[in-house]
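Right, one structure below, let's go through it.
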Amino acid sequence: MKRFIDHEELARDSRFIRQDAAQANVISSLPDDVETVVNVFEQFGPMIEAGVRGTSAEPLFEELGPGFMLTVLNEPLDPEAPAALSRLLLRMHGIFVGELQALEGAARSLWDFPDAPWEFKMNMARQCWDEARHLQIFEKLLVHLGGHVGMYPESTFLFEACCSEDPAMRVAGVNRGLEGLACDVFRDMIRFADKTGDEVMKQAVDFVLADEITHVRFGSEWVKEFTKGDPEHLKRTQDFRREVDKRFSFGGARSDREDAAIPIAREDRLEAGFTEDELQELSEISGIGPSKATLTEAAQILRDRYHETRDAQKEEAS
Amino acid sequence: MSERMYPGLTQEERTGFAPYSAFDIPADLRELHGRYDVEATALRVRNFRYAEEWMMMMMGGWIATIPEIPVKTGLGKVIWETAQAADELGKRLPELRCGRKSLEASEAPNTAFADFVQEVSNPETPDLTIEKLSGVFDVLIPHLVEIYEIHNRETDAICDAPTIAILEDMVRRKHQHIQWGQEVLDALCDDAETQKRRRDRADQLSGLLKESGGVTGVLETVQASLN
Ligand SMILES: [Fe+2]
Ligand SMILES: [Fe+2]
Chain A
348 MKRFIDHEEL ARDSRFIRQD AAQANVISSL PDDVETVVNV FEQFGPMIEA
398 GVRGTSAEPL FEELGPGFML TVLNEPLDPE APAALSRLLL RMHGIFVGEL
448 QALEGAARSL WDFPDAPWEF KMNMARQCWD EARHLQIFEK LLVHLGGHVG
498 MYPESTFLFE ACCSEDPAMR VAGVNRGLEG LACDVFRDMI RFADKTGDEV
548 MKQAVDFVLA DEITHVRFGS EWVKEFTKGD PEHLKRTQDF RREVDKRFSF
598 GGARSDREDA AIPIAREDRL EAGFTEDELQ ELSEISGIGP SKATLTEAAQ
648 ILRDRYHETR DAQKEEAS
Chain B
3 MSERMYPGLT QEERTGFAPY SAFDIPADLR ELHGRYDVEA TALRVRNFRY
53 AEEWMMMMMG GWIATIPEIP VKTGLGKVIW ETAQAADELG KRLPELRCGR
103 KSLEASEAPN TAFADFVQEV SNPETPDLTI EKLSGVFDVL IPHLVEIYEI
153 HNRETDAICD APTIAILEDM VRRKHQHIQW GQEVLDALCD DAETQKRRRD
203 RADQLSGLLK ESGGVTGVLE TVQASLN
């Protein structure tokens, strides 16, 4: 068996389809300019449409047009908002595949770095079991909320962003970038479950969050260990994590901004070994994307234009 | 009857306590001396650790390339328990005079066994779940269980009791792993063609395993069956 695999080699059963990772990457690098955002999404329109046809995201596309992800990412989860259940399930499914890729990432670290210290292998092996349980938990929560595996396309950009061939960068990407994002998302899900009185979801996600803090701590410790005595390596590793954090901020949807859909879970991250300086930096990196007003306006334009074109086509056809 | 609590210096100054030994009630029938001395035991523990560590690593490599979700999640637990087994074996090594740095020591008994382990790890693409699992759950783990049980029968039951305790715990979990793996394989191999694939793979690997002499490099199964 070779060492290091590509994200395209992740094995899936017949329920899954992929989403082009380009979309997620584009969202993370959008400028704060309505026209550019609209142009980018119109350009990606056919690809986005092809990706959602036949999946449970199709009604969202029908309603909101090619910019539906802007609305989904940009607006905090609200049980009263329109299409609340679709959006909740979309997020749950995203977490489910995120756990799947976290499992695959931790497991690959066991094979990809055969000469790593034993303690590292122990930590990764433990993480395999934890992520495996998380996968089971989120599959059950997905069903609990009325969804199912494979109902939305899977983006593999988490795995893609984290699969460095350097062990320090791998743990920086997976255990600090991806797992840190998981802390933010899970804290937000607990808040949501609290609001809706969903005790099953609240307790399960609370346990998962406890595990994730341990995983971030693995990352905090191993980045230090792998780069010990090599400040240049540490710098490259930190630069890589910054890049990952930027991509995982989805243009400010996950940030410290007041209008963020997913706020940064400061307390949880501190407990997991992030320093105040790192949190300050994350806050700056993640807040760089377009403002909420920009995205809301762009989403509206995209929706209106999509409906206009669709209505015109219908008329022509009849 | 003496009422002394502690013995004195003369014959008359004995305590009144009866000579009780937990070993006498009931009589301890264990005899000293086993097949392996300290050095041999340490080598065997390093051999066992080699198999456990590599098995854990290869299952880690496979999770991403196996399409069946319950297999991915099941392997997650097997990986953790296999890592714990390797860890326990490593902790035994400093106790067997291997030095404080021996916690991470693994050793293949010979190149043939190392080659066998690499062959078990070889299947890669998503269509080879049967070949992956058969190597581990039909061949390698059952072999390890057999050797661990032989070790526990043949080592000095008192002197080497710490190794016995570790292996007993491992065997208990390995039986669960084998049961899980074989249930999965039974489900995956539901027609003549897939059943043949499983059999062929197990036969091929069993042949290589036998040629290598197994995890300790000596054909212990044959020795054991003579008696
Ligand atoms: Fe997780
Ligand atoms: Fe995690």
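Quick mapping for you: the protein sequence lines, in order, are chains A and B.
For this note's numbering, count along the first sequence from 1 and bump the result up by 347.
For this note's numbering, count along the second sequence from 1 and bump the result up by 2.
Note that CB positions come from ideal geometry on N, CA and C, so glycine has one too.
Note that the coordinates shown come from a computational prediction; the quantities given were computed from them, not determined experimentally.
Beta-carbon proximity check, residue i vs residue j, cutoff 8 Å
i, j, result
"Glu121 of chain B", "Gly36 of chain B", "no"
"Val47 of chain B", "Leu105 of chain B", "no"
"His179 of chain B", "Val80 of chain B", "yes"
"Glu151 of chain B", "Asp360 of chain A", "no"
"Gly92 of chain B", "Arg32 of chain B", "no"
"Gly636 of chain A", "Val591 of chain A", "no"
"Cys676 of chain A", "Ala612 of chain A", "Residue 676 of chain A is absent from the structure shown; chain A starts at 348 and stops at 665."
"Ser376 of chain A", "Leu407 of chain A", "no"
"Leu190 of chain B", "Ile132 of chain B", "yes"
"Glu126 of chain B", "Met348 of chain A", "yes"
"Val555 of chain A", "Gly620 of chain A", "no"
"Val552 of chain A", "Val518 of chain A", "no"
"Glu478 of chain A", "Ala508 of chain A", "no"
"Val384 of chain A", "Thr641 of chain A", "yes"
"Gly63 of chain B", "Ser123 of chain B", "yes"
Through-space distance from residue j to residue i, alpha-carbon basis
i, j, result
"Phe483 of chain A", "Leu207 of chain B", "One detail in the question is off: residue 483 of chain A reads as Gln in this sequence, not Phe. So the two alpha carbons sit approximately 32 Å from each other."
"Asp380 of chain A", "Glu389 of chain A", "14 Å"
"Gly101 of chain B", "Leu629 of chain A", "45 Å"
"Leu77 of chain B", "Glu148 of chain B", "22 Å"
"Leu420 of chain A", "Gly392 of chain A", "17 Å"
"Phe485 of chain A", "Lys176 of chain B", "28 Å"
"Asp117 of chain B", "Ala53 of chain B", "12 Å"
"His495 of chain A", "Val444 of chain A", "12 Å"
"Ala454 of chain A", "Leu417 of chain A", "32 Å"
"Ala557 of chain A", "His481 of chain A", "11 Å"
"Lys198 of chain B", "Trp458 of chain A", "29 Å"
"Leu211 of chain B", "Phe115 of chain B", "7 Å"
"Glu422 of chain A", "Gly493 of chain A", "22 Å"
"Thr113 of chain B", "Ile68 of chain B", "28 Å"
"Pro28 of chain B", "Pro21 of chain B", "14 Å"
"Lys468 of chain A", "Glu568 of chain A", "13 Å"
"Glu83 of chain B", "Ala167 of chain B", "16 Å"
"Glu501 of chain A", "Phe363 of chain A", "7 Å"
"Glu625 of chain A", "Gly634 of chain A", "14 Å"
"Gly566 of chain A", "Glu526 of chain A", "9 Å"
"Trp465 of chain A", "Asp367 of chain A", "37 Å"
"Phe351 of chain A", "Ala107 of chain B", "25 Å"
"Leu187 of chain B", "Met57 of chain B", "18 Å"
"Arg589 of chain A", "Gly520 of chain A", "9 Å"
Selection from the options that minimises the alpha carbon distance to residue i
i, options, result
"Met172 of chain B", "B:Asp89, B:Leu130, B:Lys74, B:Ala194", "B:Asp89"
"Asp353 of chain A", "A:Thr574, A:Thr503, A:Leu626", "A:Thr503"
"Cys510 of chain A", "A:Glu356, A:Ala369, A:Ser665", "A:Glu356"
"Leu581 of chain A", "A:Ser602, A:Ala646, A:Ala515", "A:Ala515"
"Gly544 of chain A", "A:Met348, A:Leu411, A:Met416, A:Pro426", "A:Pro426"
"Glu109 of chain B", "B:Ala44, B:Thr196, B:Gly183", "B:Ala44"
"Pro610 of chain A", "A:Lys575, A:Met548, A:Arg538", "A:Arg538"
"Gly598 of chain A", "A:Phe351, A:Arg350, A:Ile374", "A:Ile374"
"Asp30 of chain B", "B:Leu169, B:Ala204, B:Ala159, B:Ala194", "B:Ala159"
"Met498 of chain A", "A:Met394, A:Thr402, A:Arg601", "A:Thr402"
"Asp462 of chain A", "B:Pro96, B:Glu213, B:Gln13, B:Met59", "B:Met59"
"Val217 of chain B", "B:Leu11, B:Asp192, B:Asp188, B:Asn49", "B:Asn49"
"Ser638 of chain A", "A:Arg601, A:Gln366, A:Gln660, A:Ala358", "A:Arg601"
"Arg299 of chain A", "A:Thr584, A:Gln627, A:Ile632, A:Gly576", "Nothing can be reported for residue 299 of chain A: it is not among the residues displayed for chain A, which extend from 348 to 665."
Cβ neighbour criterion (16 or more within 10 Å) applied to residue i
i, result
"Asp615 of chain A", "buried"
"Gln86 of chain B", "buried"
"Glu55 of chain B", "buried"
"Ser23 of chain B", "exposed"
"Phe451 of chain A", "For the sequence presented, residue 451 of chain A should be read as Glu rather than Phe. It counts as buried."
"Lys134 of chain B", "buried"
"Leu447 of chain A", "buried"
"Glu605 of chain A", "exposed"
"Asp162 of chain B", "buried"
"Gln474 of chain A", "buried"
"Gln370 of chain A", "buried"
"Val490 of chain A", "exposed"
"Asn154 of chain B", "buried"
"Asn522 of chain A", "buried"
Within-8 Å CB hit, residue i to chain D
i, result
"Pro500 of chain A", "Absent here is chain D; the protein component of the structure consists of chains A and B."
Ignoring anything shorter than 3 residues, give me the beta strand (DSSP E) runs that lie fully in the segment 402-443 of chain A, in order along the chain.
none
Counting only runs of 4+ residues fully inside the segment 52-92 of chain B, write out the alpha helix (DSSP H) ranges in chain order.
none
Every unbroken alpha helix (DSSP H) within the segment 81-162 of chain B, with a cutoff of 4 residues, ordered by chain:
113-123, 131-135, 143-156
If you scan the segment 586-654 of chain A from start to end, which runs of the beta strand (DSSP E) of 3 or more residues do you find wholly inside it?
Qualifying beta strand (DSSP E) stretches: none in this window.
Which runs of the alpha helix (DSSP H) fall wholly inside the segment 481-550 of chain A and span at least 4 residues, in chain order?
504-509, 514-518, 526-543
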